[in-house]
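These notes are about the structure you will find just below.
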Amino acid sequence: MIFRMQTWPGRPYPLGATYDGTGTNFALFSSVAERVELCLIDDDGNEQRIEVEETDAHVWHVYLPGVQPGTRYGYRVHGPYDPASGHRCNPSKLLLDPYAKAVDGQIDGDESLFSYPFSDPRSAVTGKKRNDADSAAHMMTAVVVNPFFDWGHDRPPAHDYHDSVIYEAHVKGMTMLHPAVPDDLRGTYAGIAHPAIVDHLTTLGVTAIELMPVHQFVNDPHLQSKGLSNYWGYNTIGYFAPHNGYAAFGTRGEQVQEFKSMVKTLHDAGIEVILDVVYNHTAEGNHLGPTLSFRGIDNAAYYRLVDGDEAHYFDTTGTGNSLLMRSPHVLQLIMDSLRYWVTEMHVDGFRFDLAATLARQFHEVDRLSAFFDIVQQDPVVSQVKLIAEPWDVGDGGYQVGGFPPLWTEWNGRYRDTVRDFWRGEPGGVPELASRLTGSSDLYERSARMPIASINFVTAHDGFTLADLVSYNEKHNDANGEGGADGESHNRSWNCGAEGPTDDPEITALRARQRRNFLATLLLSQGVPMIAHGDEIARTQQGNNNGYCQDNELTWMDWGGPEGLDEERAELLEFTRKMVRLRLDHPLLHRRRFFSAPDDGGSHPYAGTSAMPEIEWLDLSGKRMDDDDWNNGYARSLMVFLNGDAIPEKDDRGRRIVDDSFLVLFNAHSEALDFTLPPADYGERWTAVVDTDHTTPEGAEHEAGSVLSVTSRSVVVLSRPSRAGHLGAETATTSTAA
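Under this note's numbering, the first residue of the sequence shown carries the number 1327, and numbering increases by one thereafter.
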């Protein structure tokens, strides 16, 4: 219902719509606007336009007493329309508030959303013809939200990086097929908070769930027209709003309450919530994209335009545009958004998509850019987990190891090295040794520790773990792009047959390879990340780019009411076992890099062990020499990890000691005999893990004995700490203790 609205001047801060219990303050930044209209939209789609008359420092603001949560609104911005000069204001387009805390609806691709006629796309550059059709009927709208929520005694679990195991998951993909999740909760935040999902996460042992994009995103009309959709969500339009497509109980602000309830439930279970965020570009695309928000509000202030050709967008993301990272208003938007999700939504960290773009204040990736500076000094954002995807598609965009000390990074070098080793590529042993020990070659020079390396073998982008060992080639026909999409160099190996097979030898090898990858990941220094469903052998049938497949191809298959079959259940139990092994032993997730034998072998308070912190051994049990390291055909490795020489103390100041481990890696096509090292390393060793299941768990092996390790498998042996006698000054983690 439209009625006469009383207006007060309001305040320029905070930006967005802020409900205070009696009314709502609206504030919008635009440095080019000549007039701004706030548009209130009722349930029937009727629009009431209110002139915003107050402006301070380019912020247009008004206070409306009586406007309550649930009210839908948008803006119309009057200003210059001159694409050649970088300006694209068009008051016929209803615009989404960049600071909207909730969004109702979705766009439909109608021509009215675009500021040029489809019959003359050249006008998007020249500006000669402007499409003045009203877009309101085809546009999503912002929603005033109720900021109040009973958090109770919610506290962040605050797991240290070195104690973390991250689980990358998709809200919809993880919950759509779970038989215990009610139908009306599947694919939603409430579904993630369901006891069945929480139980899976807690029994798996993960400490954090990293949710693929949940900021409000656009479901691309061109994908919908092909029967597809933007499933992954890397197409953000609202940096403060939980995506309404994942809401079970409504989209007029209910999604905010539902998201908060999910976070509270996960925190109660000791699980952190990390968000995959996309601050490098928006859903408005290039010059041919729709006018939805930023473009129509202040195009040149929000987007990086081509120097000397402001009608086009400078793009280092591959999506059509990049945000202007030297603009103070873009930096404010990003920091306001990050703080909002921490302080109001209680999330525990962020993974920054294509983070190299965020470091491009001008052209090159610069670790001294303004973005890093403002994150470093921010008292809120600097204290949560910050994970970079350290690359983009621009010049010099691959920046693994190049981020500042506050940051951790997805370690693409780790993924590539481990994949190559287990598919039998020669010459990979020295590189593997670096990745197993936390990649000091990448991070130590910037004063970072092993925790800077987020280790992963698979992620949402690329093959699943099951497909990594089942396909040599991508099979992306369902995406409708003729196989042109997706990575072609996957470092995968199908173990002898492309795709599904009944061959028992190939099936057994694939199962062993899955265990090899998981064992390697969870035995490596750094922070492991598991992609959702890998623990139950999720497959996408060889599709390595499921971005547009919102269906059973990408959803987790939980096995239906009957549950998982024997093979998948066994993999799940193996993953749980490896996570427990890692978290139970501080030696397997140290805070510091290993000290090499040649530099003394230990730090001042590393204990009285005469043995080095780590030792690399050959098949005969002797220390590897230069010839061993330079052997381009070597596909095996034995490593001794000394639990009596950990240069770290616990929170009470006690020196940490642990069991010691021998880890035997055999990526050869044949079984190899490993001679265990002399008694100096350990008189007797107990089998803990064998990815081939041929070495019985608990079996004992004496120093100097020979252990046959099956082709393409990992064996882990342990012995108790020798330092338990140090008593009260020592924190002991040992099977003997």
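C-beta: ideal position from N, C-alpha, C; glycine also.
These numbers were taken from a predicted model, which means no experiment stands behind them.
Pull up the CB-CB distance for residue i and residue j, whole angstroms please, since I reckon it's below 8 Å.
{"i": "PHE1676", "j": "ILE1600", "result": "6 Å"}
{"i": "THR1669", "j": "VAL1604", "result": "Wrong, their Cβ atoms sit about 20 Å apart, outside the cutoff."}
{"i": "PRO1938", "j": "ASP1985", "result": "Not a contact, Cβ separation roughly 16 Å."}
{"i": "GLN1866", "j": "LEU1879", "result": "6 Å"}
{"i": "HIS1672", "j": "VAL1589", "result": "5 Å"}
{"i": "TYR1401", "j": "LEU1439", "result": "Not quite, the Cβ-Cβ distance comes to about 15 Å (not below 8 Å), so this is no contact."}
{"i": "ARG1836", "j": "ARG1745", "result": "Not confirmed; about 14 Å, so no contact."}
{"i": "ASP1430", "j": "MET1466", "result": "7 Å"}
{"i": "PRO1730", "j": "PHE1698", "result": "5 Å"}
Taking the alpha-carbon of residue i as reference, which of the options has the nearest alpha-carbon?
{"i": "LEU1295", "options": "GLY1622, MET1904, GLY1788, ASN1816", "result": "Any answer about residue 1295 is impossible in this case: the structure gives the chain only from 1327 up to 2063."}
{"i": "ASP1476", "options": "TYR1493, GLN1542, GLU1584, MET1465", "result": "GLU1584"}
{"i": "SER1555", "options": "GLN1866, LEU1848, ASN1877", "result": "ASN1877"}
{"i": "GLY1722", "options": "ASP1602, ARG1693, VAL1706, PHE1747", "result": "ARG1693"}
{"i": "GLY1868", "options": "ALA1773, ASN1805, GLU1536", "result": "ASN1805"}
{"i": "ASP1594", "options": "THR1533, ARG1917, ARG2038", "result": "THR1533"}
{"i": "ASP1718", "options": "THR1743, VAL1691, TYR1740", "result": "VAL1691"}
{"i": "ASP1679", "options": "THR2020, LEU1712, GLU2023, ARG1817", "result": "LEU1712"}
{"i": "LEU1890", "options": "GLY1412, HIS1526, ALA1997", "result": "HIS1526"}
{"i": "ARG1414", "options": "ASP1446, THR1577, THR1617, VAL1429", "result": "THR1617"}
{"i": "ASN1871", "options": "GLU1813, MET1538, ARG1745", "result": "GLU1813"}
{"i": "ILE1972", "options": "ALA1426, VAL1378, LEU1354, ARG1981", "result": "ARG1981"}
{"i": "HIS1384", "options": "PRO1654, ARG1771, ARG1456, VAL1540", "result": "PRO1654"}
{"i": "GLY1969", "options": "GLY1634, ARG2048, THR1344", "result": "ARG2048"}
{"i": "ASP1793", "options": "GLN1687, GLY1753, GLN1839, ASP1828", "result": "GLN1839"}
{"i": "HIS1387", "options": "ASP1368, ASP1369, THR1350", "result": "THR1350"}
{"i": "LEU1390", "options": "GLY1347, PRO1409, SER1411", "result": "GLY1347"}
{"i": "PRO1447", "options": "ASP1382, PRO1409, THR1397", "result": "PRO1409"}
{"i": "ASP1883", "options": "ALA1895, CYS1874, TYR1873", "result": "ALA1895"}
{"i": "GLY1822", "options": "ASN1798, GLY1809, ALA1810, ILE1940", "result": "ASN1798"}
{"i": "CYS1874", "options": "THR2021, THR1827, LYS1552, ARG1774", "result": "LYS1552"}
{"i": "ASP1787", "options": "ASP1602, GLY1517, SER1619, ASP1829", "result": "ASP1602"}
Between residue i and the rest of its own chain, which residues show a CB-CB distance below 7 Å, the 5 nearest in sequence each way excluded?
{"i": "ASP1486", "result": "none"}
{"i": "HIS1801", "result": "GLN1867, GLY1868, ASN1869"}
{"i": "VAL1706", "result": "ARG1665, VAL1668, THR1669"}
{"i": "ALA1845", "result": "MET1904, VAL2015, THR2017, VAL2040"}
{"i": "VAL1403", "result": "SER1356, ALA1359, VAL1362, CYS1415, PRO1417, LEU1421, GLY1622, ILE1623"}
{"i": "TYR1572", "result": "VAL1497, LYS1498, GLY1513, THR1514, TYR1515, VAL1540"}
{"i": "VAL1582", "result": "LYS1427, ALA1428, VAL1471, PRO1568"}
{"i": "GLY1886", "result": "PRO1505"}
{"i": "ASP1480", "result": "LYS1590, HIS1593, HIS1672"}
{"i": "LEU1659", "result": "PRO1424, TYR1565"}
{"i": "PRO1930", "result": "Note that PRO1930 scores 42 on pLDDT, short of 50, meaning its location in the model is unreliable; the coordinates nonetheless yield the value given after this. None."}
{"i": "VAL1393", "result": "GLY1349, THR1350, VAL1470"}
Taking all protein chains shown into account, do 16 or more other C-beta atoms lie within 10 angstroms of the C-beta of residue i, making it buried, or fewer, making it exposed?
{"i": "HIS1488", "result": "buried"}
{"i": "ARG1916", "result": "buried"}
{"i": "GLU1807", "result": "exposed"}
{"i": "ARG1978", "result": "exposed"}
{"i": "TYR1345", "result": "buried"}
{"i": "GLU2028", "result": "exposed"}
{"i": "PRO1340", "result": "exposed"}
{"i": "ASP1674", "result": "buried"}
{"i": "SER2031", "result": "exposed"}
{"i": "HIS1815", "result": "exposed"}
Within its chain, find whatever has a CB closer than 6 Å to the CB of residue i; leave out the 5 residues flanking it on each side and keep chain order.
{"i": "ARG1841", "result": "PHE1900, THR2017"}
{"i": "ALA2054", "result": "Reliability fails at ALA2054, whose pLDDT of 41 lies under 50, so the model's placement of it is uncertain and no value is given."}
{"i": "TRP1881", "result": "GLY1499, MET1502, LEU1503"}
{"i": "SER1449", "result": "TYR1442, LYS1455"}
{"i": "PRO1395", "result": "TYR1345, VAL1470, VAL1471, ASN1472, GLY1579"}
{"i": "VAL2035", "result": "LEU1990, ASN1992, LEU1998, PHE2000, VAL2041"}
{"i": "GLY1336", "result": "ASN1351, HIS1387, VAL1388, TYR1389"}
{"i": "SER1995", "result": "SER2037"}
{"i": "THR1577", "result": "ASP1430, ASN1570"}
Less than 8 Å between C-beta atoms, sequence neighbours within five positions excluded: which residues of the same chain meet that for residue i?
{"i": "GLY1371", "result": "ALA1462, ALA1463"}
{"i": "ILE1597", "result": "PRO1483, VAL1524, LEU1527, THR1528, VAL1532, THR1533, ALA1534, ILE1535"}
{"i": "ASN1737", "result": "VAL1726, ARG1761, SER1765, LEU1768, SER1779, ILE1780, ASN1781, PHE1782, GLY1852"}
{"i": "SER1587", "result": "TYR1515, ALA1516, ALA1519"}
Under 7 Å, Cβ to Cβ, is there at least one residue of chain C near residue i?
{"i": "LEU1998", "result": "Absence of chain C from the displayed structure is noted, only one protein chain being present."}
If we count Cβ pairs, one from each stretch, closer than 8 Å, do we get three or more for the stretch 1856-1866 versus the stretch 1778-1789?
-> yes
Evaluate the contact criterion for the stretch 1609-1624 versus the stretch 1488-1506: three or more CB pairs, one atom per stretch, below 8 Å.
-> no
Do the stretch 1433-1449 and the stretch 1533-1551 touch if we need at least three Cβ pairs shorter than 8 Å?
-> yes
Taking 8 Å as the threshold, find out whether the stretch 1979-1997 comes into contact with the stretch 2029-2045 through three or more Cβ pairs.
-> yes
Is it a yes or a no for the stretch 1446-1456 touching the stretch 1642-1656, going by three-plus beta-carbon pairs under 8 Å?
-> no
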